[in-house]
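Residue numbers (the working numbering): 2 to 163.
Beta carbons are placed, not taken as given, at the ideal position from N, Cα and C, and that holds for glycine.
Below is one structure; the comments refer to it alone.
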Ligand SMILES: NC(=O)c1ccc[n+]([C@@H]2O[C@H](COP(=O)([O-])OP(=O)(O)OC[C@H]3O[C@@H](n4cnc5c(N)ncnc54)[C@H](OP(=O)(O)O)[C@@H]3O)[C@@H](O)[C@H]2O)c1
């Protein structure tokens, strides 16, 4: 797709893969909105790239709502959603708990799904749009300690296929 001028929402844009992606996309002339929970860290990255930002948790419905209100206010539409924000904690079997699954799945799976739902509402107006879900090689093969993370990334991959 043509990147110049594309309106792109990128979650978790303040460090790691998300920050590197934001740098690359900003250099290609896109319109970018990046999110993350730590506003100070996020604002520093956004200001250095001259892109928009919003402190929002991708695992909270009210923050997802707020994120798309910002998208509408900035652009009145959206071309690309990149679900990058993710939690990558490891747990041994004996350490597993419902809360460990809930914390990781809330961001890696549920949040990504609801973000996609809201993005598609905007895409439908123009009958086009792209969603990129950042999974992992852990979405293809489990590993010791990966019961929760790997399961979440398998879920994200199959959700993307669905
Ligand atoms: N690093 C790897 O080797 C690797 C390999 C395969 C896949 N991945 C996947 O790639 C993605 C990025 O990983 P990374 O290693 O670059 O992570 P990272 O360096 O820890 O950065 C994560 C980014 O997401 C934000 N974030 C975390 N939880 C969030 C939430 N609930 N809502 C909004 N933003 C949130 C963080 O900012 P705040 O903390 O301020 O919110 C930060 O900007 C993840 O989905 C991860 O599973 C990573």
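Does the separation of the CB atoms of residue i and residue j fall below 7 Å?
i           : j           : result
residue 45  : residue 54  : no
residue 157 : residue 109 : yes
residue 112 : residue 163 : no
residue 153 : residue 106 : yes
Counting only the same chain and skipping the five closest in sequence on each side, list residues whose C-beta sits under 6 Å from that of residue i.
i          : result
residue 57 : 36, 64, 67 and 68
residue 91 : 146
Determine the DSSP secondary structure at residue i, reduced to helix, strand or coil.
i           : result
residue 133 : strand
residue 105 : helix
residue 111 : helix
Please classify residue i as buried or exposed, where buried requires at least 16 neighbouring CB atoms within 10 angstroms.
i           : result
residue 150 : buried
residue 144 : exposed
Can you name, in chain order, every residue of its own chain whose Cβ lies under 8 Å from the Cβ of residue i, other than the five neighbours on each side?
i           : result
residue 30  : 4, 5 and 6
residue 130 : 79, 80, 81, 82, 120, 121, 123 and 124
Among the residues of its own chain, which have a CB less than 7 Å from the CB of residue i, if the five just before and after it don't count?
i           : result
residue 127 : 78
Check your understanding: Taking three-plus beta-carbon pairs below 8 Å as touching, is the stretch 2–9 in contact with the stretch 79–86?
Key -> yes
Practice item. Could you tell me whether the stretch 83–93 touches the stretch 11–19, where touching means 3 or more Cβ pairs closer than 8 Å? Key: Yes, they touch.
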